[in-house]
Amino acid sequence: MARRPLDGVRSGTALDFPAARVYTLGAMALAPELVEILACPKCKGKLEHRENEFVCHNCKLVYAVVDDIPNFLIEEARPLA
Numbered sequence: 040m041a042r043r044p045l046d047g048v049r050s051g052t053a054l055d056f057p058a059a060r061v062y063t064l065g066a067m068a069l070a071p072e073l074v075e076i077l078a079c080p081k082c083k084g085k086l087e088h089r090e091n092e093f094v095c096h097n098c099k100l101v102y103a104v105v106d107d108i109p110n111f112l113i114e115e116a117r118p119l120a
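So the number in the working numbering is just where the residue sits in the sequence shown, counting from 1, plus 39.
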């Protein structure tokens with residue numbers, strides 16, 4: 040999914056710099072640095088971000104995002120289809 044800056048971010052502001060930029064990824068607004076450091080709570084592996092979920096291909100689990108909040112409870116993750 041393509042990343043795009045949040046509405047209202049003006050050029051020349053502190054938020055215009057790539058390190059401080061916040062992107063909307065689907066319906067969720069997350070800094071790219073945050074998405075980059077997120078890890079699977081079960082295996083500590085890398086997560087793939089999809090529109091409203093995070094996927095761990097190592098564990099084959101999918102963690103839902105509800106109301107813009109990622110739910111990383113292992114017990115509530117669903118199996119990857």
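For each residue, glycine too, the CB sits at the ideal point set by N, CA and C.
With residue i as the anchor, note down where its alpha helix (DSSP H) starts and where it stops.
i    : result
E92  : Looking at the DSSP string, E92 is not in any alpha helix (DSSP H); the run it does join, the beta strand (DSSP E), is 92–95.
E115 : Counting along the chain, E115 falls outside any alpha helix (DSSP H), and DSSP gives it neither H nor E.
Can you tell me which of the three DSSP states residue i falls into?
i   : result
L73 : helix
Could you please give the first and the last residue of the uninterrupted beta strand (DSSP E) stretch that includes residue i?
i    : result
L100 : 100–105
Looking only at DSSP bridge pairs, what is residue i linked to?
i   : result
A78 : K85
Considering only their Cβ atoms, is the gap separating residue j from residue i smaller than 9 Å?
i    : j    : result
E32  : Y102 : Because residue 32 is not part of the residues shown, which for the chain are 40 to 120, the question remains open.
L100 : L77  : no
C98  : K81  : yes
My understanding is that residue i touches residue j, with C-beta atoms under 8 Å, so please give their C-beta distance in whole angstroms.
i   : j   : result
V74 : H88 : 6 Å
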